[in-house]
Amino acid sequence: MSHSLKGPVAPLSPVLLAGMAIRPLPYGLIQPLFNKAIAQMHQQHPDVFDRLIPLGSPRFLIDPIDLPFSFIMDTRPTAPSLTLLDKQEDERTQNIQASIRGPLLLLIELLEGRIDGDALFFSRDLVVEGDTEAVLGLRNAVDGADINVHTDLLHIFGPLARPVDGAAQLAGRLFNRFSKDLNTLSKATLAPLQRKCDAQAASLAEMEDTITALKKQLRRRSGKSA
Amino acid sequence: MTTHLTLGPVLFNWSPEKLKDFYFRIADEAPVHTVFLGEVVCSKRQPFFAPHLPEVAERLTAAGKRVIFSSLALVLTKREVDLVRDLCTMDDVMVEANDLSACAQLIGKPHAIGPFVNIYNEGTRKVFEDQGATHISLAGELSRKSLAALAKDAKADLEVQIFGRQPLAISARCYHARSYGLAKDSCKYVCEKHTDGMDLDTLDGDPFLAVNGLQTLSYTCANLIGELADMQSMGIRHFRLSPQDTDMVEVANLYRSVLDGIAEPQSATEKLDDLVEGMPFANGFYYATEGVKAKGQIEEFGI
Amino acid sequence: MRTEKLELVCPAGTPAALRAAVDAGADTIYCGFRDATNARNFPGLNFSREEMGEGINYAKRHEAHVLVALNTYPEAGNPEPWHQAVLDAADLGAHALIMADVGLLDFASKHRPDTRRHLSVQASASNPDAIAYYQDRFDIKRVVLPRVLTVPEIAKLNAQINVETEVFVFGGLCVMAEGRCSLSSYATGQSPNMNGVCSPASHVRYEDKGNKLVSKLGEFTINQFRQSEAAGYPTLCKGRFVTQDKPSYLFEDPTSLNAAEFLPDLMDAGVTALKIEGRQRGKAYIAQVVAAFRKAADAAARGEPVPPLGLETITEGQRETTGAYNKRWQ
Numbered sequence: 001m002s003h004s005l006k007g008p009v010a011p012l013s014p015v016l017l018a019g020m021a022i023r024p025l026p027y028g029l030i031q032p033l034f035n036k037a038i039a040q041m042h043q044q045h046p047d048v049f050d051r052l053i054p055l056g057s058p059r060f061l062i063d064p065i066d067l068p069f070s071f072i073m074d075t076r077p078t079a080p081s082l083t084l085l086d087k088q089e090d091e092r093t094q095n096i097q098a099s100i101r102g103p104l105l106l107l108i109e110l111l112e113g114r115i116d117g118d119a120l121f122f123s124r125d126l127v128v129e130g131d132t133e134a135v136l137g138l139r140n141a142v143d144g145a146d147i148n149v150h151t152d153l154l155h156i157f158g159p160l161a162r163p164v165d166g167a168a169q170l171a172g173r174l175f176n177r178f179s180k181d182l183n184t185l186s187k188a189t190l191a192p193l194q195r196k197c198d199a200q201a202a203s204l205a206e207m208e209d210t211i212t213a214l215k216k217q218l219r220r221r222s223g224k225s226a
Numbered sequence: 227m228t229t230h231l232t233l234g235p236v237l238f239n240w241s242p243e244k245l246k247d248f249y250f251r252i253a254d255e256a257p258v259h260t261v262f263l264g265e266v267v268c269s270k271r272q273p274f275f276a277p278h279l280p281e282v283a284e285r286l287t288a289a290g291k292r293v294i295f296s297s298l299a300l301v302l303t304k305r306e307v308d309l310v311r312d313l314c315t316m317d318d319v320m321v322e323a324n325d326l327s328a329c330a331q332l333i334g335k336p337h338a339i340g341p342f343v344n345i346y347n348e349g350t351r352k353v354f355e356d357q358g359a360t361h362i363s364l365a366g367e368l369s370r371k372s373l374a375a376l377a378k379d380a381k382a383d384l385e386v387q388i389f390g391r392q393p394l395a396i397s398a399r400c401y402h403a404r405s406y407g408l409a410k411d412s413c414k415y416v417c418e419k420h421t422d423g424m425d426l427d428t429l430d431g432d433p434f435l436a437v438n439g440l441q442t443l444s445y446t447c448a449n450l451i452g453e454l455a456d457m458q459s460m461g462i463r464h465f466r467l468s469p470q471d472t473d474m475v476e477v478a479n480l481y482r483s484v485l486d487g488i489a490e491p492q493s494a495t496e497k498l499d500d501l502v503e504g505m506p507f508a509n510g511f512y513y514a515t516e517g518v519k520a521k522g523q524i525e526e527f528g529i
Numbered sequence: 530m531r532t533e534k535l536e537l538v539c540p541a542g543t544p545a546a547l548r549a550a551v552d553a554g555a556d557t558i559y560c561g562f563r564d565a566t567n568a569r570n571f572p573g574l575n576f577s578r579e580e581m582g583e584g585i586n587y588a589k590r591h592e593a594h595v596l597v598a599l600n601t602y603p604e605a606g607n608p609e610p611w612h613q614a615v616l617d618a619a620d621l622g623a624h625a626l627i628m629a630d631v632g633l634l635d636f637a638s639k640h641r642p643d644t645r646r647h648l649s650v651q652a653s654a655s656n657p658d659a660i661a662y663y664q665d666r667f668d669i670k671r672v673v674l675p676r677v678l679t680v681p682e683i684a685k686l687n688a689q690i691n692v693e694t695e696v697f698v699f700g701g702l703c704v705m706a707e708g709r710c711s712l713s714s715y716a717t718g719q720s721p722n723m724n725g726v727c728s729p730a731s732h733v734r735y736e737d738k739g740n741k742l743v744s745k746l747g748e749f750t751i752n753q754f755r756q757s758e759a760a761g762y763p764t765l766c767k768g769r770f771v772t773q774d775k776p777s778y779l780f781e782d783p784t785s786l787n788a789a790e791f792l793p794d795l796m797d798a799g800v801t802a803l804k805i806e807g808r809q810r811g812k813a814y815i816a817q818v819v820a821a822f823r824k825a826a827d828a829a830a831r832g833e834p835v836p837p838l839g840l841e842t843i844t845e846g847q848r849e850t851t852g853a854y855n856k857r858w859q
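As they're listed, the protein sequences go chains A, B and C.
FYI, in the numbering used here the residues of the first sequence are 1 to 226.
FYI, in the numbering used here the residues of the second sequence are 227 to 529.
FYI, in the numbering used here the residues of the third sequence are 530 to 859.
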């Protein structure tokens, strides 16, 4: 099962390019950072995990679509974990209850509780699969804690935090600019393909209308009240 | 154990002539023990049949039926409050309360409580029994487990709807009028066009609900024919047929024959299916699952 | 009788939201325990006993009150969780309990008579006779009015009853008589009355069909969105359906209630308290809405015009409605 068939397509973004750049790094080097991050979160915000107990402490697949890897987040309060998963691996073997796919920045907003529970479903950029209830539970649990990825995660870098923070902010400004340029480029590249897709969608819609009409005709009732 | 079929109030906007003919035939032919009369859904409809009520009640009583007058389910305006007060202060009639305003007036005298008053548990049932409720028609949403717990130690007679579209919601807003682009105040009584309710489908053409003025009903028709024996074992002996625009005398005969052990639920359901012209059956609430579902005996007649 | 100063009653689904509401100027916060005893029994939401105690203390330190919602209908044969919730909420120092079930009101008035009782909107008590019943039998001090009454109707009602009234001014709008709706359980098996949820997330699915996004609740399509349209949560009564061969938002357009413009009229009508809906919303949302309504209520108390709230961005592209407060809504 290729990941390109699932969920939203990765936007051509700086995150995507950065992801390609770190791809050659062995997971052995990155994984310890995430172990530390989840341990920190467990220590600072135990209530997040408590709130997920009534939902059976679900396992989530968190898929930043613009990165070459995903995360498996296990929310068991005794042993929570955040494990890197290469996108070439089959997710189906991972025993997950729900998956959340979307661009990294949006996922961070979700983690910080900046995306509202009602709004979680409004955005087309986030795709939720599997147990919707578990995902809503995660969002609510996270909102109940005051998580700030910016300061909480940077904690891990210890005394280096300040320079890293400064670099991150500078990168953020460049990033926004770069983002706009790439967006223009991707639109231009994809335009002919988009036209073809639109034509196919139109003929699909026509077929669906026909099916709807047929369903109505097939109804067994003589239509006394219809 | 004696069991009784009851005929719930007509929920739809039928013309006075149609209602009169309907009740006269019920009086003469239907094996029902009790008939509930009166407008429950919309106070705007109430004046049309009201002048005929005494005559109809008399005819039903003369035929040996018990008559109970049902009160409005949603009471908002002064006129509606007064209608309920007038009904509840009438002498020598039994009233079914469908709103707390009616319950309040009826304290201290024997009365019935309808399915639009929330009785979900034995604590609430007991409060109403202590106020004088002797007959309680339970909400359709209750599962088998809840019904059994409510029936245990009940002093009042308990009743469950076994046939007819299931009332699901009521609103101050009229959806029939809204569908015709009209306001409630100038609705032109468009709900009279749909004597079984107006079909409401999903965008991909699946049948879903039925609209009846302020009320929303299930598209499916409740059919608890396979659960009658189970409910009797809990001590429930009154079973409500909610009128649809079909041969309700024949509907009553079919349920009566199953209660009397003369017919099997399966064969009776096949005949009921013809009577409702293929309207799908449902009993999901009884099994604590989606109300739209059909389980057990009626499974193949589901949506 | 005219109200001098409106009380602002605000939602909290988590302790963080409770603190946000208090800090933003709420007079009163309402919340519930983490189980089926309240009508916002959503995953990951609500308060443990310990969190409730801390929340009540936090509010008290800031001269605010906490109301505990116990507004579902206890399950037959299993009243204990509801009874225990009444005892615990009262003993933790809740200012009042918000209840809808007659049996539970009876229990509370017998076992914790000194804790105030408010009648939940889930009881849909919409007329003076029904409200008088709850007052006579269970000594309720306040009724939360159903969202179906116009402002003149509220004024008339207040003239005929002698309990306080609380009305909804902002947030999601129920179009059916509250507590008398089983649309959700018809489609999903779970209802506000019994399970404390409406159109639960566990039964929600989105299907991406390329040219459109389809939202489903259980087996039923509730809405479809074109690529350019903002998608919504499939709350059953806010869906698009077909009657008379016409698709429409038959029950209600996807709107959000905003009755800020009616605050002076609601004071004239004798309303005691304003209620903001949304225990399921995030703390950022709550802080913003509470602060805006604090300003509005204070302006109204000074007899000044209600300032613009600036809340358009958080209603998620949904339109705002003044709901039933305006007679044309019916």
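Cβ coordinates follow ideal geometry from the N, Cα and C atoms, glycine included.
No experiment lies behind these values; they were computed from the predicted model shown.
Cβ-Cβ distance between residue i and residue j below 7 Å
| i | j | result |
| --- | --- | --- |
| residue 534 of chain C | residue 830 of chain C | yes |
| residue 754 of chain C | residue 704 of chain C | no |
| residue 437 of chain B | residue 426 of chain B | yes |
| residue 581 of chain C | residue 599 of chain C | no |
| residue 48 of chain A | residue 141 of chain A | yes |
| residue 446 of chain B | residue 529 of chain B | yes |
| residue 279 of chain B | residue 253 of chain B | no |
| residue 517 of chain B | residue 511 of chain B | yes |
Residue i in three-state terms, based on DSSP
| i | result |
| --- | --- |
| residue 36 of chain A | helix |
| residue 756 of chain C | coil |
| residue 399 of chain B | coil |
| residue 393 of chain B | strand |
| residue 271 of chain B | coil |
| residue 160 of chain A | Unreliable placement is indicated for residue 160 of chain A, whose pLDDT of 49 sits below 50; no coordinate value is reported for it. |
| residue 278 of chain B | helix |
| residue 223 of chain A | Note that residue 223 of chain A scores 45 on pLDDT, short of 50, meaning its location in the model is unreliable and no value can be drawn from it. |
| residue 662 of chain C | helix |
Residue i: contacting residues in chain A (beta-carbon distance under 8 Å)
| i | result |
| --- | --- |
| residue 432 of chain B | 215 |
Under 7 Å by beta carbon: chain C residues contacting residue i
| i | result |
| --- | --- |
| residue 325 of chain B | 659 |
| residue 278 of chain A | The displayed coordinates of chain A run from 1 to 226. Any statement about residue 278 of chain A would go beyond what the structure contains. |
| residue 404 of chain B | 779 |
Neighbour list for residue i in chain C, Cβ cutoff strictly below 8 Å
| i | result |
| --- | --- |
| residue 55 of chain A | 572 and 573 |
| residue 249 of chain A | In this structure chain A extends from 1 to 226, so residue 249 of chain A is not present and cannot be described. |
Chain B contact residues for residue i, given Cβ-Cβ distances below 7 Å
| i | result |
| --- | --- |
| residue 636 of chain C | 349 |
| residue 93 of chain A | Result: empty, since nearest Cβ-Cβ is about 32 Å, beyond 7 Å. |
| residue 716 of chain C | 516 and 518 |
| residue 212 of chain A | 430 and 431 |
| residue 780 of chain C | 401 |
Chain B residues whose Cβ lies nearer than 8 Å to that of residue i
| i | result |
| --- | --- |
| residue 705 of chain C | 395, 396, 397 and 442 |
State whether the stretch 233-252 of chain B contacts the stretch 204-218 of chain A, with contact taken as three or more CB pairs (one from each stretch) at a distance under 8 Å. Segments in contact, no.
Segments of 3+ residues assigned as beta strand (DSSP E) that fall wholly inside the stretch 458-513 of chain B: Whole beta strand (DSSP E) segments, 3+ residues: 464-467.
Completely contained alpha helix (DSSP H) runs for the stretch 621-655 of chain C, where each covers 4 or more residues: Counting whole runs of 4 or more residues, the stretch 621-655 of chain C contains the alpha helix (DSSP H) stretches 631-640.
Using a Cβ distance threshold of 8 Å, determine whether the stretch 323-333 of chain B contacts the stretch 659-676 of chain C, with at least three qualifying pairs required. Short answer: they touch.
Do three or more CB pairs link the stretch 758-776 of chain C to the stretch 592-609 of chain C at distances below 8 Å? Below 8 Å, too few C-beta pairs join the stretch 758-776 of chain C and the stretch 592-609 of chain C to call them touching: fewer than three.
If you pair each beta-carbon of the stretch 87-105 of chain A with each one of the stretch 47-65 of chain A, do three or more pairs fall below 8 Å? Touching, per the Cβ criterion.
Jot down the residue ranges of each uninterrupted alpha helix (DSSP H) in the stretch 677-748 of chain C, minimum 4 residues, whole runs only, in chain order. Segments of the alpha helix (DSSP H) lying fully in the stretch 677-748 of chain C: 680-689, 712-717 and 721-724.
Enumerate, from N- to C-terminal direction, the unbroken beta strand (DSSP E) stretches of 3 or more residues contained entirely within the stretch 543-594 of chain C. Segments of the beta strand (DSSP E) lying fully in the stretch 543-594 of chain C: 557-560.
Could you tell me whether the stretch 810-827 of chain C touches the stretch 739-748 of chain C, where touching means 3 or more Cβ pairs closer than 8 Å? The stretch 810-827 of chain C vs the stretch 739-748 of chain C: no contact.
Inter-stretch contact (C-beta, 8 Å, three-pair minimum) for the stretch 532-548 of chain C and the stretch 605-620 of chain C: Flag = no, the stretch 532-548 of chain C and the stretch 605-620 of chain C do not touch.
Decide yes or no for the touch test of the stretch 377-391 of chain B against the stretch 462-480 of chain B: beta carbon pairs closer than 8 Å, at least 3 of them. Counting Cβ pairs under 8 Å, three or more are found: they touch.
Which ranges would you report for the beta strand (DSSP E) in the stretch 746-814 of chain C if only whole runs of at least 3 residues count? Listed in chain order, the beta strand (DSSP E) runs fully inside the stretch 746-814 of chain C are 749-755, 770-772, 775-777, 784-787 and 802-805, counting runs of at least 3 residues.
Count the C-beta pairs between the stretch 353-367 of chain B and the stretch 712-723 of chain C that are closer than 8 Å, then say yes if the count reaches three, no if not. Verdict: yes, contact present.
Is the number of C-beta pairs between the stretch 463-470 of chain B and the stretch 791-807 of chain C that are closer than 8 Å three or more? With a cut-off of 8 Å, the stretch 791-807 of chain C and the stretch 463-470 of chain B do not count as touching, because too few Cβ pairs lie within range.
Runs of 3 residues minimum, wholly inside the stretch 292-362 of chain B: which ones carry the beta strand (DSSP E) assignment? For the stretch 292-362 of chain B, whole beta strand (DSSP E) runs of length 3 or above, ordered along the chain, are 292-296, 320-323 and 337-339.
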